[in-house]
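What follows is a short report on a single structure.
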Amino acid sequence: MISRLLILLGCATLVALAQKDVPTKEQPLRIAVADLEKIAKELPEAVAADRELTELRKRFLDTLQMMETKFKERLESYQKSKAMMTAEAQRKEEDDLRALQQQYALYQEEKFGLQGELARRRDSLLSPILKKVQEAVATVAKEERYNFVFDRGSSFLLYAEDKADITYKVLDRIKRGK
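Following the working numbering, the numbering of the sequence shown begins with 911 at its first residue and continues without gaps.
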């Protein structure tokens, strides 16, 4: 609820600022939307990237499942035979079980973490696609004279005219303490 309110407030601010620069009714504020989800479904390279990422994720999950199964089997075996083991054998088996848990956690982080293999592959596949879409949105917005373009599904701002950027005015206001 709060995030929607902030988005609406941000949009209202952008509209107000853009209207400040519009001297006449001949140049009204123009806002457009683009459905990024639909665009992604229509781009062959985006479909191929999604398929590749899905397959890679499945392979990693299958490996994790095998590791988990191996751990559970070893743990169950240990629990059944623990009473007949020497203290030294128990300690060694517990160390081995901890090592399996650590291997599982390490594999999970290496493959699914923020800097993991899946994230790196996603970035390498999607970066050129996103750049292509951003360039196309900007080109269409300029040709059709749109001031702002939002994503239909998320309300993310995809394009804004440079004259709408008030970053330095905000910084100046903050530095002056007003």
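Think of the CB as a built atom: it goes at the ideal place given N, C-alpha and C, for glycine as much as any other residue.
All values derive from a computational prediction rather than experimental measurement.
Is residue j closer than 8 Å to residue i when the C-beta atoms are compared?
i        : j        : result
Glu-947  : Gly-1063 : yes
Tyr-1017 : Leu-974  : yes
Glu-978  : Tyr-988  : no
Cutting at 7 Å between CB atoms, please list the residues of its own chain near residue i, excluding the five before and the five after it.
i        : result
Gln-1011 : Phe-981
Glu-1027 : Glu-1020, Lys-1021
Check the C-beta distance from residue i over to residue j and give it rounded, since I have them as a contact under 8 Å.
i        : j        : result
Arg-1032 : Leu-985  : Actually they do not touch by this definition, with Cβ atoms about 34 Å apart.
Asn-1057 : Glu-1045 : 18 Å between Cβ atoms; not a contact.
Lys-990  : Gln-1000 : Not a contact, Cβ separation roughly 13 Å.
Ala-950  : Asp-1061 : 11 Å between Cβ atoms; not a contact.
Excluding the 5 residues flanking residue i on each side, which residues of the same chain have their C-beta closer than 6 Å to its C-beta?
i        : result
Tyr-1069 : Val-1047, Ala-1048, Ala-1051, Val-1059
Ile-941  : Phe-1058
Phe-970  : Lys-1021
Under 7 Å from any heavy atom of the ligand SAM, does the C-beta of residue i make it?
i       : result
Asp-972 : Annotation note on the ligand SAM: not contained in the displayed structure, which lists no ligands.
Which residues does DSSP pair with residue i in a beta bridge?
i        : result
Ala-944  : Asp-1061
Met-1069 : Before going on, a small fix: residue 1069 reads as Tyr here, not Met. For Tyr-1069, which the question treats as bridged, DSSP gives the partners Val-1059.
Using C-beta distances below 8 Å, list every residue in its chain close to residue i, excluding the 5 sequence neighbours before and after it, in chain order.
i        : result
Gln-1013 : Met-977
Thr-996  : none
Met-994  : none
Inset, instruction - Tell me, please, whether the segment 943-959 touches the segment 1025-1042 by the rule of three or more beta-carbon pairs shorter than 8 Å. - result: yes
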